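Protein chains in written order, with our numbering: chain A, 12 to 382; chain D, 1241 to 1550.
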């Protein structure tokens, strides 16, 4: 049973803590994604697992063996860099054979294993080519074959899809997932792309400023984020702030947002999360009325920016509702009160890096939703 | 010295052809196109004086020397006699062989000193890197004569090293570092080292560090990472620079003359003797042609390696 465990791990570069007191554990055979904005310390975390860098303090375990200060060469970990890092002077075969030759494997067994690995990534025919003769996607698959051919304890992927164009990215993503399931290999992937994280992983570790923001399954972390940062980073979010009153969040302007009854004390200040896709925009009979301020056609869905009477704006994504409401039209909003998630941690440390960054991320995410 | 001339004539010739094509096309070409071809013509005429100069000063003397090597000085008839004389005499071949062998030794010495030096420089903090490379480059700025005589101060019988050794009691009589092949080897290696170190340093800086990291995660030892990943990636540049050093050392004149003390004649010194002492221009021409053919072949290999590397 292989698993990776971080116990109070800190990695400091001078005064900067790239990784700040992180404790997590990764179950054997699972696909874990380390997700975070750039500068959140996710690549440092990968380097720490791979053994490329050493922690300033704390302890890292691989299975029942401590590896905190074990050299990279003795860790038995397969690593795939974003830049592929194939050896340009070696053929595809020699690239994949490299980790086996290092281990002194005999020619027959080596040839069989390399063939098998290349078959897994569907590149058997290209074994004599040099890396520069291959496309980006093919190079990525060679890097993958090289990282799994020696049956490592874990597979590390550093933004493996970032350098590919979008169509190819989806293809390789499915392939990685399939491969991981087939081999049952414990896999840790680093990414800044929430869609990638949600679609690939069994477990998501959300990092912010070198600290773990939340750990959980994709649907859990998406629907029940523990902080504003988590809610915001994983998709578009409407935050409803106010005080809790009998199954409602009442905003300072007196607007009442129905939510599921909880055991929160009446009058307590809360922040609720309502995802845009959970809002229905109808003609009448909803919880609240508003006016459509903007309509954005996104293909599968239409996004409405709706202004309430108080001036508060909500974003609603409505599926297959092309041209149903136009800008300036009055709409009535409704939602399943159970879909309103009250954030357990209502502190205001949303952005790791200020408001500007949040806005930026929002626009980025709009396009993601559109896909 | 012959190389720049022949090198330049390549692009020039193709430009002449291109200009001729443009003249043919001019009759049917649109005005804009005609302006472009006129510009080609203007360029050609502007370059003409330089082309003539190159042909007159560089190319004709070389062709003339080549002609001397295959013609009778009195009758002007073509003959292979000079080549036969050259091959019959063991003295010439021995000197050429010695020149080749010494050039090989110099190349080996620059590799053995230069590769570790370049590698070490890449590992230094950026500020120290500049200092080390600066020291290497400085030798370019000091006259070759000054540098060569400086070796006499260091290696001579009453030089620094011998005095130090005798003072320390290691030896009782000065060691003869100079006026033999060793002295020439030291002097030439010193002059040629930058030609190897600078390109190698650049090539080493270009090696992607992630390749080395990935090799480590794949289980490779430091020894294996160096010899199977790092070294092969710098090998094309090493080979190209080594060939350059070899070519350059074939034509050395001053260093062997001074540090060899006239006791170790190399090809260039031999030509000096043939022309200035014995007035045997034909034999000197034969030696030149042989040397030029060898140099050009090696230069072709050098270019091929460079392009393959790029």
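Even glycine gets a Cβ: it sits at the ideal position worked out from N, Cα and C. Keep in mind that this is a model prediction, so the values were computed, not measured.
- The beta-carbon of residue 1396 (chain D) is placed no less than 9 Å from the nearest beta-carbon of chain A.
- C-alpha of residue 260 (chain A) to C-alpha of residue 347 (chain A): approximately 14 Å in a straight line.
- Between residue 147 (chain A) and residue 179 (chain A), the C-beta spacing is below 9 Å.
- From the listed residues D:1445, D:1288, D:1306 and D:1449, the smallest Cα separation to residue 1527 (chain D) is found for D:1306.
- For the 9 Å CB-CB criterion, residue 1484 (chain D) and residue 1531 (chain D) do not form a contact.
- In this structure, residue 1508 (chain D) and residue 1492 (chain D) form a Cβ contact; the two beta carbons are roughly 6 Å apart against a cut-off of 8 Å.
- Contact between residue 284 (chain A) and residue 242 (chain A) holds, with the beta-carbon distance rounding to 5 Å and staying under 8 Å.
- Rounded to the nearest angstrom, the gap between the Cα atoms of residue 1296 (chain D) and residue 1286 (chain D) is 17 Å.
- With contacts defined as CB atoms closer than 9 Å, residue 15 (chain A) and residue 103 (chain A) fail to qualify as a contacting pair.
- Contacts with chain A at 9 Å (Cβ-Cβ) do not include residue 1547 (chain D).
- It is roughly 11 Å from the alpha-carbon of residue 1426 (chain D) to the alpha-carbon of residue 1353 (chain D).
- C-alpha of residue 1409 (chain D) to C-alpha of residue 1399 (chain D): approximately 15 Å in a straight line.
- Here residue 95 (chain A) has 150, 151 and 154 as same chain residues with Cβ atoms under 7 Å from its own Cβ, once five neighbours each way along the sequence are excluded.
- Contact between residue 301 (chain A) and residue 318 (chain A) is confirmed by a C-beta separation of about 6 Å, below the 8 Å threshold.
- Its Cα nearest to that of residue 1432 (chain D), the residue D:1377 stands out among D:1377, D:1446 and D:1459.
- Runs of the alpha helix (DSSP H) lying entirely within the segment 149-232 of chain A, each at least 4 residues long, are 177-194 and 205-211 in chain order.
- Within chain D, 1458, 1459, 1460, 1461 and 1464 have C-beta atoms less than 8 Å from the C-beta of residue 113 (chain A), given in sequence order.
- The Cβ of residue 63 (chain A) sits closer than 9 Å to at least one Cβ of chain D.
- Considering only beta carbons, the part of the segment 97-108 of chain A lying closer than 9 Å to chain D consists of 97, 98, 99, 100 and 101, in chain order.
- Between the alpha carbons of residue 137 (chain A) and residue 335 (chain A) lies a gap of roughly 52 Å.
- For residue 1426 (chain D), the uninterrupted alpha helix (DSSP H) run begins and ends at 1421-1446, by DSSP.
- With a cutoff of 9 Å on beta-carbon distance, residue 1391 (chain D) and residue 1430 (chain D) are scored as near each other.
- Taking a C-beta cut-off of 8 Å against chain A, the contacting residues of the segment 1425-1452 of chain D are 1448, 1450 and 1451, listed in chain order.
- Judged by DSSP in its simplified three-state form, residue 263 (chain A) adopts coil rather than helix or strand.
- Separation of the CB atoms of residue 1470 (chain D) and residue 1452 (chain D) is rounded to 6 Å, and the pair is thereby assigned contact status at 8 Å.
- Scanning chain D for C-beta atoms nearer than 8 Å to the C-beta of residue 161 (chain A) yields 1458 and 1459, reported in chain order.
- Remark: C-beta atoms of residue 1477 (chain D) and residue 1322 (chain D) do not approach each other more closely than 9 Å.
- With fewer than 16 other Cβ atoms inside 10 Å of its own Cβ, residue 272 (chain A) counts as exposed.
- In the DSSP assignment, residue 19 (chain A) falls within the unbroken beta strand (DSSP E) covering 15-24.
- Per DSSP, the beta bridge partners of residue 91 (chain A) are A:168.
- Here residue 255 (chain A) carries a strand assignment [DSSP, helix/strand/coil].
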